[in-house]
Amino acid sequence: MTDRASIGDAIIRRFLRTWENSPSATGMVILLRSAASNEFAAEKVRDVFATQVRPVVAPFGDPSDAGRRAGLVASQLLGLATCRYLLRLPPVVALSHEEIIRDVGPVLQRYATGVDTS
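Residues in the sequence shown are numbered consecutively from 22, following my numbering.
Next up, the structure:
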């Protein structure tokens, strides 16, 4: 289990491994693209949120706030996935893993824990 002080880092590293080094990455791009216009695909994305994002985030802050915190984490990850893998925005595609980890990890940390450490 990841500790509270490094949950943001752990989430973004797992995201990058999954989206860039997983055999299922192509399917995830298709699912994300489809979710905007297909209710079945949207439900699958919501299922990922409910079964993968929320349970990871829940223990790291106020339990009554877990849905909001997990939703913010998901918004950051889905935005990054959309810009990097669907739209292929050149400045986002050009970011190295270490740059993404450095820049996005602290945001995910704040969202996941509900604590601003800046």
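Built from N, CA and C at the ideal position, the CB exists for glycine as well.
Nearest-angstrom beta carbon gap, residue j and residue i [assumed within contact, 8 Å]
i: F81; j: R123; result: Going by Cβ atoms, the distance from F81 to R123 rounds to 20 Å, so no, they are not a contact pair.
i: W40; j: A31; result: About 15 Å; that fails the 8 Å criterion.
i: V125; j: I33; result: 5 Å
Pairwise C-alpha distance: residue j and residue i
i: V114; j: A87; result: 30 Å
i: T23; j: L98; result: 18 Å
i: D89; j: R54; result: Just to set this straight, residue 89 is Arg in the shown sequence, not Asp. Each residue's alpha carbon lies about 24 Å from the other.
i: V77; j: E64; result: 19 Å
i: S27; j: N59; result: 35 Å
i: I121; j: F36; result: 11 Å
i: T72; j: R38; result: 18 Å
Check whether residue i and residue j have beta carbons under 8 Å apart
i: A102; j: G29; result: no
i: A91; j: F70; result: yes
i: V74; j: A95; result: yes
Those runs of the alpha helix (DSSP H) which lie wholly inside the stretch 49-86 and span at least 4 residues
The stretch 49-86 contains these whole alpha helix (DSSP H) runs: 60-69 and 75-78.
Using 8 Å as the Cβ pair cut-off and three pairs as the minimum, do the stretch 37-54 and the stretch 97-110 touch?
A contact exists between the stretch 37-54 and the stretch 97-110.
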